[in-house]
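Every letter in the sequence shown is one number past the one before it in the working numbering, and letter 7, counting from 1, is 67.
We put the beta carbon where it would ideally sit given N, CA and C, even for glycine.
Report on one structure; see the data block that follows.
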Amino acid sequence: MTDQVQPATLDLLVFSDDATVRKQVIDGVGRRPAKGMPLVSWTEAATADGVRLAIKDRQQAGDAPFAALVLDAETKKLGGMGLAHELFTELDRRPPVVLLTARPQDDWLAAWSKAEVVVPRPLDPETLQQGVTKALRARRGSVTPAG
């Protein structure tokens, strides 16, 4: 009998105060963001504090950081743009960010937040998959529109 190595998973985090948006992202990306990529494992957060706690818990457990963060820019209180910028300045190495925006005109704010990829609404599964794939492959500090 041969030992089979378990395929690696991509640990992704999705942040939105709207459970419907989190479900759209998870369902839209699907089991893997692109052919040949590992399966996805999701962590959900409804608040900025939840995101911070999830990142801290992984660090304290000695786990690898999230492969990417999908942040909703339309979240109330501290939205995805502000959170992405905060994490960029506070973490030694922030995971790549996919930012969900309401309008294509928000791209300049996404650049300020240091997001790697911007996905505009309405959320489209193919665009989400492309956005997550681009974020996972992006050079740090580059902003790319998805789609």
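{"Check": "Alpha carbon to alpha carbon, how far is Ala128 from Gln189?", "Outcome": "12 Å"}
{"Check": "Would you kindly check if the distance between the Cβ of Pro125 and the Cβ of Pro156 is under 7 Å?", "Outcome": "no"}
{"Check": "Any chance the stretch 157-167 sits against the stretch 102-109, with 3 or more Cβ pairs inside 8 Å?", "Outcome": "no"}
{"Check": "Does Leu183 come out as helix, strand or coil in the three-state DSSP assignment?", "Outcome": "coil"}
{"Check": "How is Thr161 classed by DSSP in three states: helix, strand or coil?", "Outcome": "strand"}
{"Check": "For the beta strand (DSSP E) that Glu150 lies in, which residues bound it at each end?", "Outcome": "That residue, Glu150, is in no beta strand (DSSP E); its alpha helix (DSSP H) goes 140-150."}
{"Check": "Go through the stretch 73-155 residue by residue and report every complete run of the beta strand (DSSP E) that reaches 3 residues or more, in order.", "Outcome": "99-105, 128-132"}
{"Check": "Measure how close the beta-carbons of Thr259 and Val100 come, nearest whole angstrom, since I'm counting them as under 8 Å.", "Outcome": "Because the chain in this structure spans residues 61 to 207, residue 259 falls outside the shown range and cannot be described."}
{"Check": "Determine, using beta carbons only, whether Leu151 and Ala133 come nearer to each other than 7 Å.", "Outcome": "no"}
{"Check": "Can you tell me the Cα-Cα spacing of Thr149 and Asp87, whole angstroms?", "Outcome": "31 Å"}
{"Check": "Starting from the C-beta of Leu113, find all residues in its chain whose C-beta is less than 6 Å away, skip the five residues before and the five after it, and write them out in chain order.", "Outcome": "none"}
{"Check": "How about Ala195 and Val179: are their beta carbons less than 7 Å apart?", "Outcome": "no"}
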